Amino acid sequence: MYLSRIEITNYKGIDHLVVNFNSSLNVVIGSNGCCKSSLIDAIRLFYCIGDKDQDLSVDIDDFHIHFNDDGSYSQADKITIDYTFEELSDSQKGAYINYLCDIDHKIVAQVRLEYSKIENNRIQRRCVPGNPDNSVSLDYNTLSLFKSYYLGAVRDSTKDLMSTKNNLLGNVIRRKINQNNSANDIRNIIKQANETLLDREEVKSTRKGVNENMSNIFKHDYDEVDLKIEDNRIEYIVNAIKPILKLGHDKEMKLWQNSLGYNNLIYIATVLSDIKDNYDNDKDEIYALFIEEPEAHLHTQLQLNLYSFLVNASYIENSQLFITTHSPTLTSRIPLDNLFVLNRNIVRLSDCFLERENENIICDVVGQNKIDDSKSKKYMKMLERYLDVTRSQMLYARGCVFIEGISEALLIDVFSEVINKKLSDKQIEIVDTGGTAFAQFLMLYNSSDSNRRLSNKVAVITDGDQFTDSKNKEYSLDKLIADDFAKLYELRENIKNGQSNKRVANLRSISNNQETILICEGYKTLEYQICLANIGNYISEVKLNELYLFIKNNYKNQYVKIEDFINSKAGIDLQDDDKMDIAILLWKCIPQKSTFAQDLSMHLKDKLINSSSFNFNVPDYIIDAINHLTI
Amino acid sequence: MDYELTEERQRYLDARGRIVLSACPGSGKTTSVVKKLKYLAEECQQKYGHYRGIACLSFTNKACDEIKSKYQLMHNENFAFPNIVSTIDSFIFEYIVSPFWKCSNLVHYKPFVTNDGEFIHSLYFATNSEGERFPLVGRQQIHIMPPEKTSLGINARYFGNKKVEKEDEKEYIESIVKYRMRKGVINSNDALYLANLIMHNNPEIAKVIISRFPYVIIDEAQDTSLMQNNLFSILVEAGLSNIEYIGDSYQAIYEWRDANPQFFSDLLADDSFQKLVLSENRRSVQRIIDMYSKIRTDSDAPIISHNVIDRNIPIKVYFYNNENLSLVINDYLEICKSNSLSNCHILVRGNSFIGNYLNTRQQVAYWKSDIPYMLIDVLDNYKRCNYSEAVYILKKIFVKLVFPTDFTKQKEYLSENNCNENSKLMAILPLIPTLEETFENWTSKSQIVLKNCMGLEQEPDFSPKKRIDGFRIAELKRQSLSQYYSNNTNSQIPIETIHSSKGASYGGVLLVLSKNSAGNNISLSEFKRNGNEISEKQRLVYVACSRAEQFLALAIPDSVSESQVIETLGVNADNISRVGIQMRLNLT
């Protein structure tokens with residue numbers, strides 16, 4: 019049995035949210051302020067009602083505040099949280115009888131938690147098990163069926179382990195003592211220790227001193243003071259047992275000397291042993307373990323170890339794991355099925371690839387092929403391969419721009435700065451797809467069902483690659499300038515008449531009319547488009563342009579070959595064909611794509627820092643992409 | 043608390059599975075059940091964990107309380123979660139109707155159980171713009187067959203206690219009952235009907251209930267109704283392997299409309315059940331046992347008086363008539379007193395002529411409205427510190443006064459537990475005039491209190507009836523209410539009905555019989571067995587006589603001949619008394 023669904027209304031930052039959980043592992047990710055902790059607390063609220071050791075309550079600030087368009091705001095009067103649990107065993111159906119509910123002929127357990135504001139800012143809680151229409155009253159004895167452990171983001175696992183009251187390790191040991199009925203054996207051990215201890219000269223003389231003073235105060239009618247270790251209450255004894263880290267022979271470290279990271283691990287290990295134990299003891303109770311940001315205080319390798327450990331642990335029957343994380347390292351390891359991205363709505367990533375066939379999205383315009391189940395499963399596998407540590411960052415970003423390679427990555431970042439819309443400031447991630455495979459990424463955003471798509475804005479920047487033969491030797495710079503530029507004009511005409519590749523049309527089709535997706539096409543290649551964008555109406559203008567100057571200064575050997583042609587156009591009103599001719603020639607001066615990108619971006623960054631103004635034009639389709647993402 | 047472990051008791055404690063236990067009067071069956079519950083609870087926890095337990099079911103809250111307090115006394119702990127002691131009615135509502143009403147496909151709103159006839163009646167009427175009340179359903183018949191008296195059974199429809207056979211009436215009743223079910227307002231019988239329907243249509247639910255309660259014990263099983271039995275049978279068929287029916291077929295005295303006294307006897311013939319008996323009577327002397335055993339059939343195991351010290355008080359028969367009845371009672375009480383018998387009672391059949399005659403302190407129906415009576419009930423609960431019940435009745439009064447015709451609002455208000463409303467009503471409690479007031483004063487003061495405290499526009503109508511048989515209104519007005527409604531009647535004569543004496547133990551019992559068995563009356567003839575058929579009235583006599591520990595006396599009208607008495611009862615003529623009427627007999 020596990021928590022399969024939660025519906026939250028008006029709690030903290032959450033206006034309304036429905037989440038369908040996995041029975042074992044659930045990892046919630048999202049940018050800061052996306053309400054991950056609100057979601058975790060909403061789940062915990064019910065689990066904590068019957069747990070005196072956890073204090074999680076609702077106060078007046080937890081009622082959601084709605085902001086209206088005109089800037090005014092109002093606070094909600096009622097928080098409602100519905101919990102649904104599925105896959106009850108026959109025995110659990112009996113134990114949870116008050117909670118049962120028949121949803122479409124499948125018996126599930128349900129409970130609704132309601133907090134209402136009443137007069138004087140007081141808060142009234144109502145907890146209704148079963149069908150909310152029934153108002154069956156809650157049997158408080160059943161609350162202990164729901165057990166939870168919480169390791170918060172800002173945590174003190176040291177305190178949880180060391181406290182003399184209610185410490186976790188002590189609880190585990192105590193339960194075993196109860197099971198074995200061995201409380202008296204334990205007491206005897208302490209009794210013996212007491213006797214040995216009290217027989218020590220140091221204790222004896224101290225006691226003597228105390229009693230002498232006491233008798234001076236009271237004169238008569240005085241009962242002697244005795245000293246001993248508390249040996250009556252089992253919890254005092256077992257709570258004195260502490261975890262110690264063994265450092266080789268003889269050496270040990272006290273817990274408070276351990277690193278926080280180690281203590282977190284000890285805590286998690288203790289919890290899991292407690293869950294395992296509990297399960298052996300009672301097959302009806304269910305357990306939830308909440309860990310916020312397990313990566314805190316753990317280096318990357320240990321994070322991965324922890325991850326594999328938790329995944330194995332989550333297969334304990336009746337136990338469910340909820341993790342929030344900011345760690346791309348963890349994220350990149352987690353199957354899409356267990357990964358929930360929270361951002362206004364919440365989406366389980368695997369849902370973006372399941373049951374999509376009926377949306378009839380065409381992914382191949384020429385062949386009119388649709389995205390069927392097998393195709394979308396293929397995309398899902400691809401995405402799992404592509405989501406490495408670096409690309410996982412995209413899931414934490416406000417928006418993404420998908421590009422083909424490292425050159426684009428370098429340039430687009432600086433371009434956004436040039437037009438004063440720096441992408442990284444807006445938490446927009448530039449995702450290098452390392453090629454032209456964009457479809458598997460778009461699948462995260464293109465569903466017509468809002469529960470199957472991420473709500474962030476995304477853009478794809480890709481080349482149309484018109485007339486790919488332009489790379490051929492016959493169009494090398496030297497050939498272009500020979501024969502009175504005959505080849506140049508031929509190339510220009512070829513580019514003009516060239517066919518754009520099918521990729522862009524396919525991507526537009528895959529976008530499925532979602533307004534959050536923008537496909538931006540450079541008709542030729544990025545470098546050519548940059549050149550073309552920077553050719554003004556007169557050569558005098560061109561000569562003041564930063565790109566022109568950059569090419570002229572950096573690629574002198576090439577530039578001298580085209581200088582005459584450029585000068586020959588001086589004084590005339592440049593027509594489109596002229597502009598193209600100049601752009602092609604400048605483009606052909608660029609020796610290697612990646613060094614150009616690196617050098618140009620460095621150059622522009624210097625300019626951004628050192629010059630008050632300079633002439634440089636970002637190609638329109640890239641401006642479109644940046645505007646789409648930053649508005 | 044001592045528990046004497048005898049062979050038959052040990053057999054019962056050791057038995058597991060499907061069991062029928064026939065427990066004779068005075069066998070200490072509740073004590074044995076309570077003894078066993080502890081073992082079962084431990085066993086159940088070991089097998090089924092901390093959240094699944096025993097359902098121990100009985101008929102009345104009083105019987106449930108007795109089991110709980112005996113358990114506390116014997117084991118020094120509470121019989122607590124996951125185990126429950128509950129009445130059958132509330133068990134059915136809590137675990138079947140309330141969670142699964144939607145599965146019935148009859149109920150459209152969350153059901154609310156009330157046995158308030160007037161409230162149910164009000165569902166069927168609305169008021170038009172001219173202020174006239176008109177029926178919403180069953181226009182013609184609704185005035186002849188008031189809806190609150192209609193009910194459904196398994197393949198049967200009832201009006202009052204009568205099974206209805208005419209097609210149009212059947213149709214009417216079905217539509218009327220289903221109407222209130224749709225609205226979500228039901229009485230206990232409707233709840234039972236729904237429970238049967240839900241369980242029948244959804245076999246999964248029985249499994250869930252068995253999972254929650256792997257052990258079910260039904261006390262006073264001889265009194266279960268047809269529909270209740272049916273529910274338990276569904277559980278047994280669905281695999282409930284630990285069920286105990288505990289009872290005594292001779293003590294089935296409840297005349298439920300679909301009562302099924304035969305059920306317990308049928309169980310005794312069912313091979314899939316283990317049959318056990320408790321035949322040691324720790325209450326009565328053998329002489330008394332022999333007297334009521336005349337009603338038992340020969341095939342029944344004989345009841346043996348067990349460890350009862352016999353004070354040798356012979357069974358006595360009084361002849362009575364209208365004039366000497368008080369002498370008879372005095373003589374009976376004198377014997378009780380001289381033998382220092384405590385807790386001696388006079389038992390009569392409720393609703394019989396003689397019962398009414400003896401029970402002089404009737405409650406008088408002074409007002410037309412029923413609210414004053416409810417208010418007296420509030421007062422009584424308030425005095426007994428039963429605040430939540432007092433407030434609940436006040437709530438009922440409130441809805442009757444504030445939304446007299448809007449039952450949705452009534453239902454809503456009654457099912458809500460609002461702190462502020464409760465404290466507002468709590469504040470009314472000390473203001474209600476006491477029963478020491480005269481009828482006239484009490485009435486006017488109550489009207490003012492209700493008007494002010496409940497914010498009514500006008501005082502509620504508490505006008506008295508124009509005529510009350512046997513009373514003069516003008517005199518009654520100036521008398522205090524306490525004479526008629528006070529509950530702590532320190533009556534000199536401890537008269538009780540047989541029904542209310544069930545389960546009790548009395549030092550002495552005087553059972554007053556009528557001349558013949560006409561109507562509701564019981565008479566000497568109940569002692570005569572008629573084959574193996576045991577009638578309801580015979581069981582009543584059986585229950586009455588078996589209350590007595592040391593002294594049993596029978597009062598028989600003097601028109602019955604002495605020889606008839608001797609023949610029927612087999613008593614010694616010396617034990618037949620004609621106190622106070624000896625003279626008259628001599629004269630004739």
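Protein chains in written order, with our numbering: chain A, 19 to 649; chain B, 43 to 630. Each residue gets a CB set at the ideal place from its N, CA and C atoms; glycine is no exception. Everything numeric in this text was worked out from a predicted model, so none of it was measured.
Return the Cβ separation of residue i and residue j in integer angstroms, given the expectation that the two are a contact with Cβ distance under 8 Å.
i, j, result
"B/I215", "B/V206", "6 Å"
"A/E313", "A/L348", "6 Å"
"B/A248", "B/V139", "The pair is not a contact, with the Cβ atoms about 14 Å apart (cut-off 8 Å)."
"B/G550", "B/A586", "Between B/A586 and B/G550 the Cβ distance is about 12 Å, and since that is not below 8 Å, they are no contact."
"A/S527", "A/C370", "Incorrect: roughly 17 Å between the Cβ atoms, too far for contact."
Going by beta carbon distance, what residues of the same chain come within less than 7 Å of residue i, once the five residues before and after it are set aside?
i, result
"B/R329", "I357"
"B/G159", "E190"
"A/Q616", "L428"
"A/S153", "V146"
For residue i and residue j, I'd like the C-alpha separation in whole angstroms.
i, j, result
"B/L375", "B/Q606", "26 Å"
"A/L592", "A/D87", "48 Å"
"A/I600", "A/K623", "25 Å"
"A/F81", "A/R140", "12 Å"
"A/D391", "A/L525", "18 Å"
"B/I474", "B/N229", "30 Å"
"B/S457", "A/E310", "41 Å"
"A/V578", "A/D483", "27 Å"
"B/V406", "B/G561", "24 Å"
"A/P150", "B/I134", "19 Å"
"B/R403", "B/Y526", "Because the pLDDT at B/R403 is just 46, under 50, the model does not fix this residue reliably, and the point stays unresolved."
"A/L57", "A/G227", "59 Å"
"B/D290", "A/Y305", "47 Å"
"A/V636", "A/S75", "53 Å"
"B/N284", "B/A83", "13 Å"
"B/N118", "B/A97", "20 Å"
"B/N170", "B/L477", "39 Å"
Would you check if the distance between the CB atom of residue i and the CB atom of residue j is smaller than 7 Å?
i, j, result
"A/P346", "A/V407", "yes"
"A/G279", "A/H315", "yes"
"B/F315", "B/R60", "yes"
"A/S619", "A/V419", "no"
"B/T339", "B/N574", "yes"
"B/P536", "B/L443", "no"
"B/T539", "B/L566", "no"
"B/V583", "B/E568", "yes"
"B/D352", "B/V327", "yes"
"A/L506", "A/K54", "no"
"B/I260", "B/L99", "yes"
"A/L131", "A/L63", "yes"
"A/K95", "A/K135", "Rather than Lys, the amino acid found at residue 95 of chain A in this sequence is Asp. A contact, by the Cβ cut-off of 7 Å."
Does the Cβ of residue i lie closer than 6 Å to at least one heavy atom of the ligand NAD?
i, result
"B/R325", "Of the ligands one can find in the structure shown there are none, so the ligand NAD has no counterpart to examine."
Can you find the residues in the same chain that come closer than 6 Å, C-beta to C-beta, to residue i, ignoring five residues on each side of it along the sequence?
i, result
"A/Y114", "A127"
"B/Y151", "G226"
"B/L629", "Residue placement at B/L629 is poorly supported in this model, since its pLDDT is 35, which falls under 50; the coordinates are not used for a value here."
"B/N231", "S193"
"A/A551", "N635 and P637"
Only counting the same chain, and skipping five residues up and downstream in sequence, which positions put a Cβ closer than 8 Å to that of residue i?
i, result
"B/R509", "I515"
"B/S488", "P414, L417, I474, P475 and F504"
I'd like the ranges of any alpha helix (DSSP H) spanning at least 4 consecutive residues and lying wholly in the region 324-394 of chain A. Runs found: 346-351.
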